[in-house]
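Asks:
Protein chains: 2
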Amino acid sequence: MAAVTRRAFLAGPAIGAAAALIAPIEAATPPAKMQGPGVYRYRLGSYQITALYDGTWFLPIERDFVRNADRAEVNAALGRAFLPPNVLPVSFTALLVNTGKKLVLIDTGTAGQVADTAGVMLDNLTAAGAKPADVDTILISHFHPDHIDGLKSKDNAKVFPNAEILVPQGEWAFWMDDGNMARADAKSPVHRYFLNARRIFGDIATEVRPFRPGTQVAPGIEAVAAFGHTPGHTAFAIHSGAQSMLAMSDTVREPWLFVRHPGWQPRYDMDGPLAAKTRTRMLERAAAERMLVEAYHFPFPACGHIVKDGRGYALAPVMWAPL
Amino acid sequence: MAAVTRRAFLAGPAIGAAAALIAPIEAATPPAKMQGPGVYRYRLGSYQITALYDGTWFLPIERDFVRNADRAEVNAALGRAFLPPNVLPVSFTALLVNTGKKLVLIDTGTAGQVADTAGVMLDNLTAAGAKPADVDTILISHFHPDHIDGLKSKDNAKVFPNAEILVPQGEWAFWMDDGNMARADAKSPVHRYFLNARRIFGDIATEVRPFRPGTQVAPGIEAVAAFGHTPGHTAFAIHSGAQSMLAMSDTVREPWLFVRHPGWQPRYDMDGPLAAKTRTRMLERAAAERMLVEAYHFPFPACGHIVKDGRGYALAPVMWAPL
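Same order as they appear, the protein sequences are chains Y and E.
Just remember that this note's numbering sits 4 ahead of the position in the first sequence, which is counted from 1.
Just remember that this note's numbering sits 4 ahead of the position in the second sequence, which is counted from 1.
(1) Mind checking whether E/I110 and E/L99 have CB atoms under 7 Å apart?
(2) Tell me which residues of the stretch 149 to 169 of chain E have at least one Cβ-Cβ distance to chain Y shorter than 8 Å, keeping chain order.
(3) Counting along the chain, where does the beta strand (DSSP E) carrying Y/M249 start and finish?
(4) Beta-carbon separation of E/V94 and E/L63 under 7 Å?
(5) Classify E/F164 as helix, strand or coil using the three-state DSSP reduction.
(6) Give me the chain Y residues within the contact set of E/H309, using Cβ-Cβ distance strictly less than 8 Å, ordered along the chain.
(7) Would you list the one or two residues that DSSP bridges to E/V322?
(8) What would DSSP say about E/A27, mapped onto helix, strand or coil?
(9) For E/Y272, return the contacting residues in chain Y, with the cut-off set at a CB-CB distance below 9 Å.
(10) Among E/H233, E/H146 and E/G116, which one has its Cα closest to the Cα of E/M274?
(11) Using the rule of at least 16 other Cβ atoms within 10 Å of the residue's Cβ for burial, across every protein chain shown, is E/A161 buried or exposed?
(12) Taking the alpha helix (DSSP H) that E/L199 belongs to, which residues open and close that run?
(13) Nearest by alpha-carbon distance to E/H237: which of E/G174, E/V194, E/P277 and E/N184 is it?
(14) Given that E/Y300 touches chain Y, what residues does it touch there, using C-beta distances under 7 Å?
(15) Per DSSP, Y/H243 is paired with what?
(16) Over the uninterrupted alpha helix (DSSP H) stretch that includes E/T130, give me the two end residues.
(17) What are the boundary residues of the alpha helix (DSSP H) that Y/L296 is part of?
(18) Assuming E/T239 contacts E/S253 under a Cβ cut-off of 8 Å, what Cβ separation, rounded to an integer in Å, is found between them?
(19) Hey, which unbroken runs of the beta strand (DSSP E) at 3 residues or more fall wholly within the stretch 18 to 103 of chain E?
(20) Please decide whether E/A36 counts as near chain Y, where near means a Cβ-Cβ distance under 7 Å.
(21) Would you kindly check if the distance between the Cβ of E/P172 and the Cβ of E/A137 is under 7 Å?
(22) Would you identify the three-state DSSP class for Y/E226, choosing helix, strand or coil?
(23) Using Cβ-Cβ distances below 8 Å, what residues of the stretch 50 to 65 of chain Y are close to chain E?
(24) Taking C-alpha atoms, which residue in E/A80, E/R264 and E/W61 lies nearest to E/R283?
(25) Can you check whether the C-beta of E/Y317 is within less than 7 Å of a C-beta belonging to chain Y?
(26) Please determine if the stretch 40 to 53 of chain E and the stretch 291 to 309 of chain E are in contact, where contact requires at least 3 C-beta pairs separated by less than 8 Å.
(27) Using a C-beta cutoff of 7 Å, does Y/M249 count as contacting chain E?
(28) According to DSSP, is E/R213 helix, strand or coil?
(29) Around the Cβ of Y/M38, are there at least 16 other Cβ atoms within 10 angstroms (buried) or fewer (exposed)?
(30) On the three-state DSSP scale, how would you describe E/A122?
(31) Assuming Y/T141 and Y/A222 are in contact, meaning their beta carbons sit under 8 Å apart, how far apart are those beta carbons, in whole angstroms?
(32) In whole angstroms, give me the CA-to-CA distance for E/D74 and E/R84.
(33) When you compare the CB positions of E/T219 and E/A227, do they come within less than 7 Å of one another, or not?
(34) If we call anything under 7 Å between Cβ atoms a contact, is Y/D159 one with Y/V118?
(35) Do E/P266 and E/L287 have their beta-carbon atoms positioned less than 7 Å apart in this structure?
(36) Would you say E/V124 and E/D58 are within 7 Å of each other, going by their C-beta atoms?
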């Protein structure tokens, strides 16, 4: 910069910052310790939707993470998304729907019980101006821990004191069945999911309300069967006025892998072929109808549109905009 | 939902929410009036970078907005991005660089002086934990109002009391020259830009420091000539440790139009062919070197990577992640 400052091209005086560069003082503002709030609002008809970021789990990819693609293919797909190899960034975003009459939360975040780098959904709920006690209804998509753990704190206290909790009956029937648990390999993650479902729901079982796919589970919100990821896995269609969107839950997970390659079967899909069929059908419909879609593991703010191209599908994220 | 509740599949009681749906009460949390904070942090070497959203201007697209593409082509490109026709959403995001020693702001937002839907950069600076008085250095890319208006409030008060203000000498030489102003059509936006530059810089001219491209303008930040958009338009290369990024300023504007079609010449590019050449060269280099790039008009958080494909280029936005 000094070279410039020696010249007198311009009306202003020469740059005098060189001395400051040589003997700098600390910036008055220290670097922040945390990411900025993850709160993104958008309108759907008369409803206000709020994406609430919970964090990201950096999951080491094991050899068989995608059952029908080898690790080199998975790493190549990550590389095309400018992500490092061998680690899958699993993002978590819960969806808050304010119908004007009801405050509805779809899935609950991890409450810090899945990874150290996730668990800020309640902080973001606060940043969004709401309290856990304000939530009227909680809709659960399925019983994997990252979707239900936010119902309880680490010491098993209820987090949302006033919320009715609605769950897919297929999930309740599968995960709360002791025979199914007994049949699961005791060393498998699936076995842990059975135990975790009991930890989360055991002492509040009488407060939990089951629902069937195809039914309205909250004002303007319809449960949509999306089986395969888990036996009762459910998506949610949200309608207000002339507008609709589809919260796809885990039907479609990380976009660089499973939007691009809907036939890929991640180990987390309990019924891989059925999940892939459900995923492909949903992506095809979303692309054909230019639907607004959301998914729990899409990068925050976790909503956008699906584009079909020659190689598969791609996510076009929404553009951040004023409310 | 009632159909589900009549069944007794599960341990929990039947759904009893139907009555609540018939006689709803207001949700305890009213819909928010404003978008959530637009503050996104990332690391570059030892530096902390913060994207600060200022808002979005919804600009009606006039017939000749892109000099060498007709409106139908422009609308088709917007449609492919799931955006409505005839309106260009012009996003504004300023970049805060905390080097640990210096707090550097690159461009300043609009301070509400360009559109009613923009002007929240200072709110987001506050949300990011910094005050205007904390900013040590302001780097200006060029003198279009949306980049410099944030230096002053609507009543012409200085906003950043302690900041040195560094500007491209080519911009100062062009816009502060009364002969150039006299040659501009008095009814054109360009003429207004000349007047606005005098409003912003006139009474602080002795505090403004010019710089030349190719020089270091702040610790680790190098000014990069990117002429065409305006005569002295400048990008900034930021280096810390082994990492680098390129703040492209207005070399590349809205990605669905000008990343996809770098040869398109928006009316805002004062020298259309030169700007297109500069843009194409920069995109080509960014894609080839897989550089992290940022641009003032990219959708918040305004950073990502450039992918080259058969049809041109595309922006791959960064994935929102914990700090």
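Just so it is clear, CB atoms sit at the ideal spot from N, CA and C, and this is done for glycine as well.
Replies: Taking the coordinates as given:
(1) Taking the second sequence and counting its residues from 1, one reaches residue 110 of chain E at position 106. Taking the second sequence and counting its residues from 1, one reaches residue 99 of chain E at position 95. A contact, by the Cβ cut-off of 7 Å.
(2) E168
(3) Reading the first sequence from its first residue, position 245 is the one you call residue 249 of chain Y. First-last of the beta strand (DSSP E) with Y/M249: Q247 to A251.
(4) As a working mapping, residue 94 of chain E is identified with position 90 in the second sequence. As a working mapping, residue 63 of chain E is identified with position 59 in the second sequence. Yes, these two residues count as a Cβ contact at 7 Å.
(5) Here residue 164 of chain E is taken as the residue at index 160 of the second sequence, counted from 1. Coil at E/F164, not helix or strand.
(6) Counted from its first residue, the second sequence places residue 309 of chain E at position 305. Per Cβ cutoff of 8 Å: F86.
(7) Locating residue 322 of chain E in the second sequence gives position 318, counting from the first residue. None; E/V322 has no bridge partner.
(8) As a first step, residue 27 of chain E is located in the second sequence; it is residue number 23 there, counting from the start. Annotation note: pLDDT 43 at E/A27 (below 50); position unreliable, no value reported.
(9) Position 268 of the second sequence, counting from 1, holds the residue named residue 272 of chain E. Simply none; closest approach about 19 Å.
(10) Residue numbering aside, residue 274 of chain E sits at position 270 when the second sequence is read from its first letter. The option with the nearest alpha carbon to E/M274 is E/H233.
(11) Position 157 of the second sequence, counting from 1, holds the residue named residue 161 of chain E. Exposed, by the Cβ-count rule.
(12) In the second sequence, residue 199 of chain E corresponds to position 195, counting from 1. Residues P193 to F205.
(13) Position 233 of the second sequence, counted from the first residue, corresponds to residue 237 of chain E. Among E/G174, E/V194, E/P277 and E/N184, the Cα nearest to that of E/H237 is on E/G174.
(14) The sequence position of residue 300 of chain E within the second sequence is 296, counting from 1. The contacting residues do not exist; E/Y300 stays about 14 Å from chain Y at best.
(15) On the first sequence, residue 243 of chain Y is found 239 positions in, with the first residue counted as 1. Paired residues: Y/S248.
(16) Within the second sequence, numbered from 1, the residue matching residue 130 of chain E stands at position 126. M125 to A131 is the extent of the alpha helix (DSSP H) around E/T130.
(17) Walking along the first sequence from the start, residue 296 of chain Y turns up at place 292. No alpha helix (DSSP H) holds Y/L296; the beta strand (DSSP E) holding it covers L296 to E298.
(18) As a first step, residue 239 of chain E must be located in the second sequence, where it is residue number 235. As a first step, residue 253 of chain E must be located in the second sequence, where it is residue number 249. For the record, residue 239 of chain E in the displayed sequence is Ala; it is not Thr. Yes, they are in contact, since the Cβ atoms of E/A239 and E/S253 sit about 5 Å apart, within 8 Å.
(19) 43 to 48, 51 to 64 and 91 to 102
(20) Position 32 of the second sequence holds residue 36 of chain E. Judged by the 7 Å Cβ criterion, E/A36 is in contact with chain Y.
(21) Here residue 137 of chain E corresponds to residue number 133 of the second sequence, with the count starting at 1. Here residue 172 of chain E corresponds to residue number 168 of the second sequence, with the count starting at 1. Against a cut-off of 7 Å, the Cβ pair of E/P172 and E/A137 comes out as no contact.
(22) Residue numbering aside, residue 226 of chain Y sits at position 222 when the first sequence is read from its first letter. In the structure shown, Y/E226 sits in a strand (DSSP, three-state: E or B).
(23) Q52, T54, Y57, G59 and T60
(24) Numbered from its first residue, the second sequence carries residue 283 of chain E at position 279. Of the candidates E/A80, E/R264 and E/W61, the one whose C-alpha sits nearest the C-alpha of E/R283 is E/R264.
(25) In the second sequence, residue 317 of chain E corresponds to position 313, counting from 1. Answer no: the Cβ-Cβ gap between E/Y317 and chain Y never drops below 7 Å.
(26) yes
(27) Against the first sequence, residue 249 of chain Y aligns to sequence position 245. With 7 Å as the cut-off, Y/M249 does not count as an interface residue toward chain E.
(28) Mapped onto the second sequence, residue 213 of chain E falls at position 209. Residue state, collapsed to three classes: strand.
(29) Mapped onto the first sequence, residue 38 of chain Y falls at position 34. Exposed, by the Cβ-count rule.
(30) Locating residue 122 of chain E in the second sequence gives position 118, counting from the first residue. Here E/A122 sits in strand by DSSP.
(31) Counting from one through the first sequence, the residue named residue 141 of chain Y turns up at place 137. Counting from one through the first sequence, the residue named residue 222 of chain Y turns up at place 218. Confirmed, Cβ separation roughly 5 Å.
(32) Position 70 of the second sequence holds residue 74 of chain E. Position 80 of the second sequence holds residue 84 of chain E. Roughly 16 Å between the two C-alpha positions.
(33) Taking the second sequence and counting its residues from 1, the one referred to as residue 219 of chain E is at position 215. Taking the second sequence and counting its residues from 1, the one referred to as residue 227 of chain E is at position 223. A contact, by the Cβ cut-off of 7 Å.
(34) In the first sequence, the residue the question calls residue 159 of chain Y occupies position 155. In the first sequence, the residue the question calls residue 118 of chain Y occupies position 114. Contact flag unset, no.
(35) Here the question's residue 287 of chain E lines up with position 283 in the second sequence. Here the question's residue 266 of chain E lines up with position 262 in the second sequence. Yes, these two residues count as a Cβ contact at 7 Å.
(36) On the second sequence, position 120 is the one that residue 124 of chain E refers to. On the second sequence, position 54 is the one that residue 58 of chain E refers to. For E/V124 and E/D58, yes; Cβs fall inside 7 Å.
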